[in-house]
Every structure is written in structure tokens, then in C-alpha cells.
Amino acid sequence: MSLEIIKRFQDYGMKLIPLQDGTKKPQIKFGKWKGVSWSNDEIQSAKRLGVMHEESGVLDIDADSKEAQKYMHLLPETLTIGKKIDGRTVTTHKLYFYSGKSKTESLGKNTDDGCQIELLTNTQTHVIGDRVIINDTKPTQLTYTDYQQVRQTLRKIYTLAILTKHYPPKGLKKRDDYVFRVAGMLAHECKHWETYEKENFIEQLITVNGDTNEFQNRIKKVAAQEENLKLGKEVSGVKGLCDFIGIKQLDCVDKLRKEEVKGITVLKFGDFLNRKYPPVNYVIYPLMATETIMQVWSMPGIGKTWFGLELAASIASGKTFLRWDAQKDINKEPVSYPILYVEGEMRASALRDRIVDIQTNIGSKFNFNYFNIAPLAEQPNETFLPLNEERGRENIEIRLREIYEETGKKPFLFLDNISCLTNIQEKDGVEWISFMSWLIKLRARGYTVIFFHHSTKEGSTSSGSNMKERAVDIEIKLERPEKEEFLEKYSGAQFKVSFPKWREFANSIYAKPFIATLDRDSHEWRTHEILKKTKRIVKDLLNTGSDIEETMKAAKLSKAQVYRYKKEIKKETAALNAGDAWGHRKSGKIPAFTKKANKETATKKVLDQINQQQLNGVKHDEK
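In terms of this note's numbering, the sequence shown opens at residue 563 and continues consecutively.
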């Protein structure tokens, strides 16, 4: 066996296994063939070699029938293996890398059609020996979307193989009628296909079968049958096609059908109340819970990225963020979660400097392993595939799954910012609906998404269609404080934080706007009440022990004005400290979202009423 060929496959990342002479069966070692290691000498001495699927992260499309082999070109380019048949090289295997979950699928294996094609994931494929390497390249890495498309193509190949087996021979007028009925079958069974998909299907069928003299005429039959069906005319389906070629059934057509929607899940009210749902998992209380969609928006240059990076670092390290505390576990230790920060705007050097500043401030508690960042500069050609497109989203989902597998926790996804990471037309409601639907699906799978966006020119709302606001759980607005609110003694970033939308805590003390300041030198964040300049002066003076007379003189106010401000400040302070609003900052305990005991009592009362209704119903029936 050539060492060059062996090394080439090993460099591709494949684990090779010696096969038994004259067969495709693997050699046995220590009573088994999986989970054992083979030396280079053992591999080199073998006359045939296979590639282990699971150990190599490989899946194999294996076409056993000559009809299926004719359509292997429909699959994506990759490492391709074949063999010589009657002096011709025929493609029999296509190998791909895939890191997600997959399963073996066999089409035609247990039928009489003899058109078997398989997707193999847990065995091995004979690749070296009396095999021909048709396309010698590293196997293509499939994304989740690619994998699903390969599966769909596999079903098309299987159906095309069956239809090829029954394709009328040359010289018969039946060919035109045959294609006409195939087009009718597609019109009936593949309504979820676009017209061009059906035309491509017919094109492949007639081309492989050497029936291209009437090419345009054959292709036009697709649109003709679609129109006939639309007009209510009789169009032959699967049965008509079966009758035409003289067979009882075409099971392969089932593989082309779109999975039917079987209805939504509906619960009786009592059953719904009895369902055990996990409590809301707050990571940073009450701002940040898992399975949440948050939008942060502002005018350019306010400090969105500072805000985002600090929030991400706090989640990853289990630390306080501004005025909100990290969740604690049963041992009163802060709980942290991995994050994936996708940044599409800043220079890599500036971004790195900011993260270093944040890490320096956090110190040893900074969780390096949980902070994952995808900057623009590190992407191929310094560009992201737009996240309003399927491939761009899939790239993100791959990394989310990898982080989840690595850490055992669903990562928080930060998208900074939407203008740079998508090519959505701002007012295109359809595009926004599609994008937000993706975020909703991520949330349903247990992920949390924080995305950043610019405001309109006026600064009153976030840019783009208002469709996106309908799906978010929390909407945070960052803006410059008004002149009378601005804190002059603080240098660095300074912005007002408000909450245009907060599903769970709207109009609560938690949603009260405040001012955040960041000292660029010490990287210390502070939060401040929003006060007009004069009131703030009065409050600062009174807090430092000044009496009324001193305050009057320093603030240049009358006694009546000072007393009025003092009364207002006292009332606002009492409201701020009411209940358990910020009591957790002293106790370290997370307060209840609402009175939990009251909720449990109310739920039990309703369930008792439902049970009583059911008993009354039984008694009524007995009467």
C-alpha cells in the first residue's frame, strides 16, 4: 500500500482501518474492529483500507445501484470514490465531514426496486485498494443546513433512480407521455417545490436517460401540469404514473413529500396549571434571564459596545453589572455562563484594548474560557455572511452548538451590531420578520440573544421596522443625558439608561431610568439617579451634612426652594428603597419577581375550583 496515499488520507483527518482480503469487511483485533488502534505497519500491509465514519467525523453517501450512481453529481463536491465497471469509472461514494448529529438512512434497501442508496454514519467505507479516487480533495465540511440539503438531495436521487429504471426505451412514443405523467406527479405531490425545482428534476431525468431531443418540450410540461391543476383539470398523480408503467406503487414518491403539519398542542386550563415549568433563570437579576431576547440601541458613539462588552464579561464571570447583581448558586457562589460576542464594526486592536481594560478591572474572576469573541478582522475577507441569510445564521449556530458541547451550558449570543452583521433594508418588514423569527427559534432552543442597533436620526426609536420590537423581551435605550442632567465631574463614557420595553418589569422600580458613567482610566462604572443640576447640588450638600442655611447659600436658593427639594428628595429615596427593590444588593438574595407565596396560593385555589367543577359534572351525569 502506498505510504503517500495513506498519509494523504490521514492528513485529511481520517482514521483508516485494514480490510479483510477480497472483501469489504474490516479486520478484527482483540475480538472487535471498532475502538481499536492500528499501527502504520498493519495499515500499510493491508491490500484494502477503509475509513472509519464515527472516529473520522465522516458521513458517506453510498450508491449501490447503477441508476443511483448516475445522479451522484447532484451532491456537493467533495472527496469522491468510485470503481471501474466495464471500463468506465463510476462514482459510488461521496464522503463529507459533519460534526452534528446524524443517522444512517437506507433508501431502497428492503424493496424490490434494486435502486439502493444510503447515507452511512456508523460503519466504514472501502476507499483504498481496488477503488478509484475520482476527486482527491479533503472532504467538504457540512453545516447543519448543508446536511439537511444533502438528505433532501438523497431522496431526489432515489426517486430519479426509480424513474430511470422505468424510463421508456428509445424509439417509443411513450417517452413524451411518461414525462407528462411525471410532471403531473410532481404537481400533485411536490406543491412545496418551486416551479424551477420541478423543471430541474425533469431536466436531470431526461438528460441522464439520453432524451434531450425534445428538451424544451419536456421541460414545458411542468408549467403545463401546474396550470392544469390550478384550473381544476384532471392531472394524473402517482396512481396514473404507476398504471402507465405497469407497477402497483411508487414508494419513492413518499420521500419527496413535505412533512405534514399535524396540528398544534392544546392543553386544558387545568392541565396547563398543573404543568411543571422551570422557574425563570436570572443570570443577572432582574436584567438578564436565560432564554431572553434583548435589544440595546442608541445614536452612534454613545457607548453601546462598552455597555455590551461589560455585560458580556459580567455574564461570563458571574459579577455585578452596573446596579444589577449576578445570580448565586446553592453555595452562594456567582454563576457564570459562556458568551459568543460577534462584533462587526470596530477595529480589532481597539476591541482588544477594551476587553483588556474590562479584564483588568475584573481581575482573577474573569473567566477566559467563557469569553468567546468573533471579530470582523478574523473572518475570511474581513466580512460576515449576512445574518438575514441562511448560511450566515448557520455559521453562528455551528459555533453556539460547539460552545454548548464544550461547556454544557447554552451560550449567550451578542450581535454587535445589526447594521454591520446584516444587509436588511431598514424599513423592510418582511426581512425583519424573518430575522426576528430566527432569534425566536434560538430562544426556544434555550439560547439568549442580545443584539445592538442604531437609533433613527431623531434618536426617538431604534432604526428599522417596528416589527422587531414585538419579539424582544427587553429593550434598552442609551442616550446622552440632557444638559441639566449631565454629570460634569465624570470623564469618559456617560449615558442615560432607560427601558422602552421590559416584559416582566415594566413600570417597576427596576425600570426607573438612571445615568451610567465609566471612568476610562480606572475602568470603574457608577450609576446615578437622574436629577436636574440644581436638585443634585442640593442632594449632595444635604448628604454631606450641610444644613439648610449652608445649602441655601451654596445653591443660591431660597429657604422655601431648599425645603421643597428636600421633601422631593426624601420621597424619591423612600420610593427607591421601597419593598425589596434593591434590598438584594445588601443581602445577596434574589428577590421574588412577584410574591411567590401569593402566586402559589392563587394557583392552588384555581385548581381546587377546576376539580370541584369536574366533580359537579360527574354528579350531574349520575343524576
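Just so you know, even glycine gets a beta-carbon here, dropped at the ideal spot from N, CA and C.
Using CA coordinates, which residue listed in the options is at the minimum distance from residue i?
| i | options | result |
| --- | --- | --- |
| K1186 | I579, S898, T651 | Past the edges of the chain, shown from 563 to 1185, lies residue 1186, and the structure says nothing about it. |
| L621 | K594, I605, F659, H688 | F659 |
| H681 | K783, K656, P900 | Here residue 681 turns out to be Leu, not His, going by the sequence shown. Selected option, being the one with the closest Cα: K656. |
| W994 | R1032, T1010, Q778 | R1032 |
| R963 | N762, P1062, S661 | S661 |
| K801 | D813, L704, Y729 | D813 |
| F946 | N931, T685, K1003, C982 | C982 |
| R1098 | I1131, A1068, D1109, D1083 | I1131 |
| A785 | L803, T769, F763 | F763 |
| Y932 | I980, G880, Q941, G925 | G880 |
| G865 | N1069, A625, R916 | R916 |
| T1010 | S1017, H1016, I1002 | I1002 |
| T757 | L669, K1115, K1094, K782 | K782 |
| K1094 | K1121, E1044, I695 | E1044 |
| T651 | E667, S664, I695, I679 | I695 |
May I have the straight-line CA-CA distance separating residue i from residue j, to the nearest angstrom?
| i | j | result |
| --- | --- | --- |
| I855 | F1014 | 11 Å |
| K894 | A888 | 10 Å |
| E604 | T715 | 38 Å |
| T1156 | V1059 | Residue placement at T1156 cannot be trusted, given a pLDDT of 38 that sits under 50; the coordinates are not used to answer. |
| I719 | E959 | 28 Å |
| R1042 | F997 | 29 Å |
| K817 | E776 | 28 Å |
| D1081 | E968 | 35 Å |
| H615 | T683 | 6 Å |
| I623 | T721 | 15 Å |
| E765 | A912 | 54 Å |
| L573 | Y847 | In the sequence as presented, Leu is not what sits at residue 573; that position holds Asp. Answer to the nearest angstrom: the Cα atoms are 49 Å apart. |
| L884 | N602 | 59 Å |
| I567 | Q703 | 21 Å |
| G1141 | P862 | Low local confidence applies: a pLDDT of 44 at G1141 is under 50, so the model's placement there is unreliable, and no value is given. |
| S1053 | R837 | 52 Å |
| N950 | E872 | 26 Å |
Since residue i contacts residue j with CB under 8 Å, what's their CB separation in whole angstroms?
| i | j | result |
| --- | --- | --- |
| A608 | L637 | Going by Cβ atoms, the distance from A608 to L637 rounds to 28 Å, so no, they are not a contact pair. |
| R610 | I690 | 7 Å |
| L829 | L1169 | Not confirmed; about 14 Å, so no contact. |
| A1078 | W1064 | Between W1064 and A1078 the Cβ distance is about 17 Å, and since that is not below 8 Å, they are no contact. |
| A723 | S627 | 6 Å |
| T726 | K645 | The pair is not a contact, with the Cβ atoms about 20 Å apart (cut-off 8 Å). |
| E853 | G1008 | 6 Å |
| E1066 | F1076 | The Cβ separation is near 18 Å, so there is no contact. |
| D738 | F806 | Wrong, their Cβ atoms sit about 12 Å apart, outside the cutoff. |
| L1104 | A1117 | Wrong, their Cβ atoms sit about 10 Å apart, outside the cutoff. |
| A875 | A910 | Between A910 and A875 the Cβ distance is about 18 Å, and since that is not below 8 Å, they are no contact. |
| C804 | K810 | 7 Å |
Enumerate in chain order the residues of its own chain whose CB-to-CB distance from residue i is below 7 Å, with the five nearest sequence positions on each side excluded.
| i | result |
| --- | --- |
| A749 | Q787, E788, L791, V797 |
| E952 | T707 |
| L565 | Q606 |
| M576 | V613, S618, V620 |
| A688 | Checking the sequence shown, residue 688 turns out to be His, not Ala. Once the five neighbours on either side are set aside, the close Cβ partners of H688 are L581, K586, R610, G612. |
| K1039 | W859, S860, S1060, P1062 |
| C752 | K760, L818 |
Can you name, in chain order, every residue of its own chain whose Cβ lies under 8 Å from the Cβ of residue i, other than the five neighbours on each side?
| i | result |
| --- | --- |
| N934 | P900, I901, L902, Y903, R961, I965, P973 |
| N697 | E639, T640, L641, T642 |
| L1119 | T1096, V1100, T1113, Y1127 |
| H635 | T653 |
| Q987 | E993 |
Note down, in chain order, each residue of its chain lying with its Cβ closer than 6 Å to the Cβ of residue i, except the 5 sequence neighbours on either side.
| i | result |
| --- | --- |
| W1144 | Below a pLDDT of 50, predicted positions are generally treated as unreliable, and W1144, at 45, falls in that range; the measurement from the model is reported next regardless. Taken in chain order, the list of residues that qualify is empty. |
| W1000 | R955 |
| W595 | P588 |
| K732 | none |
| Y729 | N771 |
| K700 | Y574 |
| Q1174 | none |
Measure the CB-CB distance between residue i and residue j and report whether it falls below 7 Å.
| i | j | result |
| --- | --- | --- |
| N923 | H1085 | yes |
| P948 | N985 | yes |
| E1188 | D978 | Residue 1188 lies beyond the range of the chain shown here (563 to 1185); nothing can be said about it. |
| D892 | V845 | Rather than Asp, the amino acid found at residue 892 in this sequence is Ile. No, Cβ-Cβ distance for I892 and V845 is not below 7 Å. |
| G832 | F976 | no |
| V741 | R713 | no |
| G799 | M747 | yes |
| A1073 | F1057 | no |
| A745 | C677 | no |
| V1034 | Q857 | yes |
| A1055 | W886 | no |
| Q686 | I579 | yes |
Does the beta carbon of residue i sit closer than 7 Å to a beta carbon anywhere in chain C?
| i | result |
| --- | --- |
| P937 | The chain inventory of the structure shown lacks chain C, comprising one protein chain alone. |
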